[in-house]
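Q:
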Amino acid sequence: MYIKCWGSRGSIPVSGASYEKYGGDTTCIEIRTESDDLIIVDAGTGLRRLGNQLISEDRSVFNFIFTHSHWDHLMGFPFFKPLHKAESNVYMQRCPFPGRYIETIVTKLMRPPHFPVRYSDLKASIFYRNGCPGPFSIGSVDITPVSLSHPNGGCGYRFEENGRRFVFLTDNELGFTHEGGRSYREYVEFCEGADLLFHDGEFTPEEYACSVEWGHSSYMDALNLAIDAKVRRLGIFHLNQDRSDADMDRIIETCNEYAAARNVSLECFAVARDMAFQLSPDL
Ligand SMILES: [Zn+2]
Ligand SMILES: [Zn+2]
Numbered sequence: 254m255y256i257k258c259w260g261s262r263g264s265i266p267v268s269g270a271s272y273e274k275y276g277g278d279t280t281c282i283e284i285r286t287e288s289d290d291l292i293i294v295d296a297g298t299g300l301r302r303l304g305n306q307l308i309s310e311d312r313s314v315f316n317f318i319f320t321h322s323h324w325d326h327l328m329g330f331p332f333f334k335p336l337h338k339a340e341s342n343v344y345m346q347r348c349p350f351p352g353r354y355i356e357t358i359v360t361k362l363m364r365p366p367h368f369p370v371r372y373s374d375l376k377a378s379i380f381y382r383n384g385c386p387g388p389f390s391i392g393s394v395d396i397t398p399v400s401l402s403h404p405n406g407g408c409g410y411r412f413e414e415n416g417r418r419f420v421f422l423t424d425n426e427l428g429f430t431h432e433g434g435r436s437y438r439e440y441v442e443f444c445e446g447a448d449l450l451f452h453d454g455e456f457t458p459e460e461y462a463c464s465v466e467w468g469h470s471s472y473m474d475a476l477n478l479a480i481d482a483k484v485r486r487l488g489i490f491h492l493n494q495d496r497s498d499a500d501m502d503r504i505i506e507t508c509n510e511y512a513a514a515r516n517v518s519l520e521c522f523a524v525a526r527d528m529a530f531q532l533s534p535d536l
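The sequence shown begins at 254 in the numbering used here and counts up one residue at a time.
(1) Starting from GLY304, trace the alpha helix (DSSP H) both ways and give me its first and last residue.
(2) In whole angstroms, what is the alpha-carbon distance linking ASN316 and ILE293?
(3) Can you pull the DSSP bridge partners for PHE421?
(4) Within a Cβ cutoff of 6 angstroms, which residues of the same chain sit near PHE332, ignoring the five residues on either side of it in sequence?
(5) Can you determine whether any heavy atom of ligand 2 sits closer than 7 angstroms to the C-beta of ASP424, and answer yes or no?
(6) Quick one: does the C-beta of GLY231 sit closer than 7 angstroms to a heavy atom of ligand 2?
(7) Looking at the unbroken beta strand (DSSP E) that takes in PHE490, where does it start and where does it end?
(8) So what's GLU442 in DSSP terms, helix, strand or just coil?
(9) Judging by CA-CA distance, which residue of SER464, LEU375, LYS376 is the nearest neighbour of HIS403?
(10) Could you tell me whether any non-hydrogen atom of ligand 1 is closer than 7 angstroms to the CB of HIS452?
(11) Would you list, in sequence order, the uninterrupted alpha helix (DSSP H) runs of no fewer than 4 residues that lie entirely inside the stretch 343 to 386?
(12) Would you check if there are 3 or more beta carbon pairs closer than 8 angstroms linking the stretch 391 to 410 to the stretch 366 to 373?
(13) Between which two residues does the alpha helix (DSSP H) holding ASP498 run?
(14) Please report the distance separating the alpha-carbon of HIS321 from that of GLY406.
(15) According to DSSP, simplified to helix, strand and coil, what is PHE333?
(16) State the start and end residues of the unbroken alpha helix (DSSP H) segment that holds TYR272.
(17) Check LEU532 in the structure and name its three-state DSSP category.
(18) Please find out if some non-hydrogen atom of ligand 1 comes closer than 7 angstroms to the beta-carbon of GLY564.
(19) In whole angstroms, what is the alpha-carbon distance linking HIS367 and GLY277?
(20) Can you look up GLU466 in the DSSP assignment and give me helix, strand or coil?
(21) Here's a check: name, in chain order, each residue in its chain whose Cβ is nearer than 7 angstroms to the Cβ of ASP295, leaving out the five neighbours to either side.
(22) Near GLU520, which residues of its chain fall below 8 angstroms by C-beta distance, leaving aside the five closest residues on each side in sequence?
(23) Out of curiosity, what's the CA-to-CA distance linking GLY384 and PRO365?
(24) Looking only at its chain, what residues have a beta carbon closer than 6 angstroms to the beta carbon of PHE389, apart from the 5 residues adjacent to it on each side?
(25) Measure the C-alpha to C-alpha separation of PHE456 and LEU476 and round it to an integer number of angstroms.
(26) Does at least one heavy atom of ligand 1 sit under 7 angstroms from the Cβ of GLY263?
(27) Give me the DSSP bridge partner(s) of ILE284.
(28) Could you please give the first and the last residue of the uninterrupted beta strand (DSSP E) stretch that includes ASN477?
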């Protein structure tokens, strides 16, 4: 399983000299399975660059999974160029909620006066497939959803292939249980033994004290979750829009010192734009 981040910024895209290392695009994750299926998780602004890459590779089959429908996870969708090509086949998993939820969200995104191109004018063939709330598979990857603790709900996902596990939990507040959310203990169980975990770490502990119920976690809560779940590598995700590269570097140093002081073999980093990972049985 190959995983690439096309955007890890939370809430709103940012640009400028302070954001060159970690990037300013909002959530978009690409997963390529061993069966060569392409999975795209969320359609934040990072999706625009991924679309350009996929066109250059002549790819025509795409599988989308959404964590939830907040703007920062959808705003790149109209700019995914394969949608405007007749040879494209786009499969949408019915996630994070079953029924016509995602179909309604996606069609609402592209309609005047909010956007000049209508969903009905897209040239690609778009299909909806059953996904959440139960486990499902795309090619050789097995996918298990878990409800997020976040305003308006949503899902995080565990991706498994050949005994390797990648868990993606963004927009998840570990310090407060929102409607439909799970307990801290349940999230630990869900992440147990992951080779790679991306978790929301939007706030510092000081900021979090003033932001309870906003739907995001402090990086310390994410770090303790990774330690309790015996995760091998933790990527802090949903980077705060005001957090500079230097701020992120200091946070990561603090996390790695905290883990080392507890004799935990955990590598912590902040997920940056264009970071890629290969999870194979021999790695
Ligand atoms: Zn978000
Ligand atoms: Zn959100």
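Where is the CB? At the ideal position from N, CA and C, for every residue including glycine.
A: Result, derived from the coordinates:
(1) Position 51 of the sequence shown, counting from 1, holds the residue named residue 304. Per DSSP, GLY304 belongs to the alpha helix (DSSP H) from 299 to 309.
(2) Position 63 of the sequence shown, counted from the first residue, corresponds to residue 316. Position 40 of the sequence shown, counted from the first residue, corresponds to residue 293. Spanning the two alpha carbons is a distance of roughly 6 angstroms.
(3) Mapped onto the sequence shown, residue 421 falls at position 168. Answer by DSSP bridge pairing, in chain order: TYR410, PHE451.
(4) Here residue 332 refers to the residue found at position 79 of the sequence shown. If we look at PHE332 and ignore the five residues flanking it on each side, its Cβ neighbours are ARG301.
(5) In the sequence shown, the residue the question calls residue 424 occupies position 171. The answer is yes for ASP424.
(6) Any answer about residue 231 is impossible in this case: the structure gives the chain only from 254 up to 536.
(7) As a first step, residue 490 must be located in the sequence shown, where it is residue number 237. Element bounds for PHE490: 486 to 490.
(8) Residue 442 sits at position 189 when you count from the first residue of the sequence shown. Three-state DSSP puts GLU442 in a helix.
(9) Position 150 of the sequence shown, counting from 1, holds the residue named residue 403. Of the candidates SER464, LEU375, LYS376, the one whose C-alpha sits nearest the C-alpha of HIS403 is SER464.
(10) The residue labelled residue 452 in the question sits at position 199 within the sequence shown. HIS452: no, Cβ never under 7 angstroms from ligand 1.
(11) 354 to 362
(12) no
(13) Locating residue 498 in the sequence shown gives position 245, counting from the first residue. Element bounds for ASP498: 498 to 514.
(14) Here residue 321 refers to the residue found at position 68 of the sequence shown. Here residue 406 refers to the residue found at position 153 of the sequence shown. Rounded to the nearest angstrom, the gap between the Cα atoms of HIS321 and GLY406 is 7 angstroms.
(15) The residue you call residue 333 lines up with position 80 of the sequence shown. Of the three classes helix, strand and coil, the one that applies to PHE333 here is coil, per DSSP.
(16) Residue mapping note: residue 272 aligns to position 19 of the sequence shown, counting from 1. Premise fails: TYR272 is in no alpha helix (DSSP H) and is neither H nor E.
(17) If you number the sequence shown from 1, residue 532 lands on position 279. Here LEU532 sits in coil by DSSP.
(18) With the chain covering only 254 through 536, there is no way to say anything about residue 564.
(19) Along the sequence shown, one-based indexing puts residue 367 at 114. Along the sequence shown, one-based indexing puts residue 277 at 24. Cα-Cα distance, rounded: 23 angstroms.
(20) In the sequence shown, counting from the first residue as 1, residue 466 sits at position 213. Here GLU466 sits in coil by DSSP.
(21) Counting from 1 along the sequence shown, the entry for residue 295 is found at position 42. So the qualifying residues of the chain are THR280, CYS281, ILE282, PHE319, THR320, HIS326.
(22) Translated into the one-based positions of the sequence shown, residue 520 becomes position 267. Closer than 8 angstroms at Cβ, skipping near neighbours: ARG485, ARG486, LEU487, ASN509.
(23) For this step, residue 384 is matched to residue 131 along the sequence shown. For this step, residue 365 is matched to residue 112 along the sequence shown. One C-alpha to the other measures close to 29 angstroms.
(24) For this step, residue 389 is matched to residue 136 along the sequence shown. Closer than 6 angstroms at the Cβ level, and outside the excluded window around PHE389, lie ILE396.
(25) By 1-based counting over the sequence shown, the position of residue 456 is 203. By 1-based counting over the sequence shown, the position of residue 476 is 223. Going from the Cα of PHE456 to the Cα of LEU476 covers about 12 angstroms.
(26) Looking up residue 263 in the sequence shown gives position 10. Yes, since a heavy atom of ligand 1 falls inside the 7 angstroms radius drawn around the Cβ of GLY263.
(27) Here the question's residue 284 lines up with position 31 in the sequence shown. Answer is ILE256, ILE292.
(28) Here residue 477 corresponds to residue number 224 of the sequence shown, with the count starting at 1. Segment 472 to 481 is the alpha helix (DSSP H) holding ASN477; no beta strand (DSSP E) there.
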